[in-house]
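Everything below concerns the one structure shown next.
Number of protein chains: 2
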Amino acid sequence: MSAQPFSSRWVPGLSHVRDVALDRLPQGFRAAGVAAGIKPSGGHDVGLLVCDSADATSAARFTRSGVQAAPVLVTRERCRLDALRAVAVNSGNANAATGSLGYQLAAKMQGAGAMCAGVHEDQVAVCSTGVIGVQLDGRAIVSGLSAARGQLRPDGAQDLQLAIETTDLFHKHAALEVDIPGGTVSLTAQCKGAGMIQPSHATMLCFVETDAVLSAETADLLLGVTVKRSFDRITVDGQLSTNDTVILIAGGASGVTVEPESEAEVRFGEALDMLLRRLALLIVRDGEGSARVGRVVVRGGHQPNVERAARAVANSPLVKTALHGGDPNWGRVAQAVGMALPETAPLPVDIAIEGMQVCVAGQAVGHDAEALAARVQGAEVEYVIGLPGDGCETEVFFSDFGHEYIRINAEYTT
Amino acid sequence: MSAQPFSSRWVPGLSHVRDVALDRLPQGFRAAGVAAGIKPSGGHDVGLLVCDSADATSAARFTRSGVQAAPVLVTRERCRLDALRAVAVNSGNANAATGSLGYQLAAKMQGAGAMCAGVHEDQVAVCSTGVIGVQLDGRAIVSGLSAARGQLRPDGAQDLQLAIETTDLFHKHAALEVDIPGGTVSLTAQCKGAGMIQPSHATMLCFVETDAVLSAETADLLLGVTVKRSFDRITVDGQLSTNDTVILIAGGASGVTVEPESEAEVRFGEALDMLLRRLALLIVRDGEGSARVGRVVVRGGHQPNVERAARAVANSPLVKTALHGGDPNWGRVAQAVGMALPETAPLPVDIAIEGMQVCVAGQAVGHDAEALAARVQGAEVEYVIGLPGDGCETEVFFSDFGHEYIRINAEYTT
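Here you go:
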């Protein structure tokens, strides 16, 4: 199993960061993934991640949905989110909309995870992904975690990766070495997500491990900033999940410290930023049948309007189907912007696609239609929109809408 | 050409209203539609509607988009919206995002319409629908209107209907006789729309004619109320168009008066309400490949939340693809509600589908899954959602998302 070699003009490489083998976790971490009978396919569906350091620090981010899955509630309510040392996870069942019984099962999963990881319950995050509204099979979870315990190993990252995937068409993970003042640290991540993606992160789970020494405050600061620039900036279908969870655990085994407001923090932060933007783009690329990835950049004088316009374009089924068809249909971009900003007519909007200006101050401008049509045939298409005023800017990455999205989502069953 | 016989449990018939032949307009109206070379298909693309009464009254509603097409701006800025006597319309080109030249062309279209209809310019509404961002062929419009003038006739409703259609798969029109105290009046409408539909009316045009005698205030009141209950309550793809226009013209030739706050007003209003809800549902049924129509009803104690939740469910690609697949996937309904109401967890949401309760206070409840699966195979599927509190309620009608939507929208070109 190997990762897709990653390449995107939107996430340039960094000279102090190298890709390394994907199976090995940073020093001090072990992981496992097993098939416990939760997925009908019989694939890997229960995973366990453990950090062996008693001094580990951590940070976490969750879905903002009003309907939060039981594992999210349990993790938020019962964990020391700044001192997590383990994650117990399952795929195939989201344990969402399952009420108090679901909550009890998530708590039981946390307890079993604690026993298998050998840590306190309040240091075990629980995560689930899959179908909503079906009670979790608690016995399968417990026996799965128990089996996983016997298979925990330093090169278990890919088994864990398999255990969190659902409709993913390819793996979303990475393993990096990062040179920072003081030494070299490892940074790895396992991630899943393909649909039900936006507007804060996504139907996505992402576990990030490092052997750097980070204070809990630094971990929280860096995760907060980088999640905002990655999982918060993507959309597949405009749907926010009930289960989104991102967890960073820093074990410290490298002995290399990332001090606040140091050069090391900048370098480590850049690497984490690159890592999460990469994974976020992989989610968009997967996008349940996606053929192309779009990036919409909106500039203007009013941040809420800038944000609204970008989301409206990125989530417009008309823009997304045009992107799928390799059609530069910028009229749909103008329509989406207008919809996002009602009662502002006439709105002097500028639109450029792949560097070609097609609309200035709300009016079509002459351009080489053939050259433009050729430019939107690629794997990445960029739309730059100007609204009145300046000083504000945002970006959203989005997938197209094709037949595969319909096939996957009309057939994926309750 | 005949209308689809209309039937929906959501729009019951009225004992004082009868369907009549579709070709004939109310007394005092004439219409025509011709092929002027604007649609690449060579089909009808320019239409003209005229009311012969100098005392006609009217009312109109328009898109709220910040990017409004030139004909919308011209009609809003240059017309006596309470005294319209004619509509000049074209399909195949929306005349949107076309700047000052587009505005001049829309004004020219209005002038040509006035000459051909024999009325003042400020009594001629102009409407366009089709591709965005391409300049209108002014000569084709003028010669089309000129040709239409020679073909104006009392039974020209269906030619006008053809001239406004774009991606419509079937006709959306109706002709009714309405018994009200004082006599019988006629009420007819021609309507188009299939995609780019929501949240105020839609990529839709709708022209309503009656020979009843209405004051301009009554016309405005009744159109306002009934548009809110029809075109404002539908969504195909969550996309608000640049060109939406609904126009009601009352010529008065029947001599039967609809007085304010009279029994006649109630009866006439009921008929107009039925008419517009019918047409709105036909738009959703068309829905660019739609196989099923959904209706989501949300009740609760806070109107903005009720509205947000209903829109989120109706526009969720996940709910829409499940509807397409005849899948009662209520977990996606719960997810969409949660997304619409962030930071409210745990949200005690109730969900019933086709009368079967599947979720109470956020928790799945036992139900006959087989019976439920059978119930969502029909042409109409109803979702009823309860949020905390009471006193507020809304409904949204929505189409599903199937392969046809992708095919139509990935291939419909700039």
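Protein chains in written order, with numbering that gives the first Met the number 0: chain A, 0 to 413; chain B, 0 to 413. Idealized CB from N, CA, C, for every residue including glycine.
8 Å Cβ cutoff, M355 (chain A) in contact with chain B: no
Flag E342 (chain A) as yes if its beta-carbon sits less than 8 Å from any beta-carbon of chain B, otherwise no. yes
If you run the structure through DSSP and keep just helix, strand and coil, what is E392 (chain B)? strand
Residues of the region 326 to 341 of chain A with a CB closer than 8 Å to any CB of chain B: list them in chain order, please. D326, P327, N328, W329, G330, R331, A333, Q334, A335, V336, G337, M338, A339, L340, P341
Measure from the alpha carbon of A35 (chain A) to the alpha carbon of each residue in A:S145, A:V133, A:D326, A:Y102, then state which is nearest. A:S145
Would you please verify whether the beta carbon of Q67 (chain B) is less than 8 Å from any beta carbon of chain A? yes
Between T244 (chain A) and chain B, is the shortest Cβ-Cβ distance under 8 Å, so that the two count as touching? no
Residues bridged to C205 (chain B) [DSSP beta-bridge criterion]: B:C190, B:V245
Please report how far the alpha carbon of G91 (chain A) lies from the alpha carbon of L135 (chain A), in whole angstroms. 9 Å
In this structure, does DSSP put T414 (chain A) in helix, strand or coil? Past the boundaries of the shown model lies residue 414 (chain A); chain A is included only from 0 to 413, so the question cannot be answered.
Could you check how far apart the C-beta atoms of D399 (chain A) and L317 (chain A) are, in whole angstroms? I think they sit under 8 Å. No, D399 (chain A) and L317 (chain A) are not in contact; Cβ-Cβ is about 11 Å, not under 8 Å.
Tell me whether the beta-carbon of A162 (chain B) lies closer than 8 Å to the beta-carbon of G46 (chain B). yes
Neighbouring residues, chain B, relative to L144 (chain A) (Cβ below 9 Å): Within chain B, no residue comes near L144 (chain A); the closest Cβ sits about 24 Å away, beyond 9 Å.
Just to confirm, is the Cβ distance from A87 (chain A) to A111 (chain A) under 8 Å? yes
Beta-ladder partner(s) of V125 (chain A), from DSSP: A:A87
Buried or exposed for S99 (chain B), going by 16 or more other Cβ atoms inside 10 Å? exposed
Hey, is G98 (chain B)'s beta-carbon within less than 8 Å of any beta-carbon in chain A? yes
From R406 (chain A) to T166 (chain A), what does the alpha carbon distance come to, in whole angstroms? 12 Å
State the beta-bridge partners of G416 (chain A) as determined by DSSP. Lying outside 0 to 413, the shown extent of chain A, residue 416 (chain A) is not represented and no answer is given.
Starting from Q334 (chain B), trace the alpha helix (DSSP H) both ways and give me its first and last residue. 329 to 339
Quick check: is the beta carbon of T241 (chain A) nearer than 8 Å to any beta carbon in chain B? yes
Starting from G376 (chain A), find everything on chain B with Cβ-Cβ shorter than 7 Å and list it in chain order. Residue identity check: residue 376 (chain A) is Gln in the sequence provided, not Gly. Simply none; closest approach about 13 Å.
Note down, in chain order, each residue of its chain lying with its Cβ closer than 6 Å to the Cβ of A279 (chain B), except the 5 sequence neighbours on either side. S229, F230, I233
DSSP puts E381 (chain B) in a beta bridge; with which residues? B:R294
Sequence-distant residues of the same chain with beta carbon closer than 7 Å to P39 (chain A), five excluded per side: none
Distance between G181 (chain B) and K319 (chain A) (C-alpha atoms, nearest Å): 53 Å
Do you know how far the Cα of L151 (chain B) is from the Cα of M203 (chain A)? 60 Å
For the alpha helix (DSSP H) holding G143 (chain B), just list the boundary residues, first then last. 137 to 148
Which one of B:V283, B:E164, B:R310 has the shortest CA to CA distance from A93 (chain B)? B:E164
Alpha-carbon to alpha-carbon, L239 (chain A) and P198 (chain A): Confidence at P198 (chain A) is low in this model, with a pLDDT of 34, below 50, so its placement is unreliable and the value that follows should be read with caution. Whole-angstrom Cα-Cα distance: 6 Å.
Using the three-state DSSP reduction, which class does T256 (chain A) fall into: helix, strand or coil? strand
Listing by chain order, which chain A residues have their CB less than 8 Å from the CB of T165 (chain B)? Residues of chain A passing the Cβ test: none, with the nearest at roughly 13 Å.
By how many angstroms is the C-alpha of K191 (chain A) removed from the C-alpha of R8 (chain B)? 43 Å
Which residue spans inside the region 22 to 88 of chain B form an unbroken alpha helix (DSSP H) run of at least 4? 69 to 77
Counting only beta-carbon separations shorter than 8 Å, does P345 (chain A) have a partner in chain B? yes
What is the residue span of the alpha helix (DSSP H) that Q160 (chain B) lies within? 156 to 163
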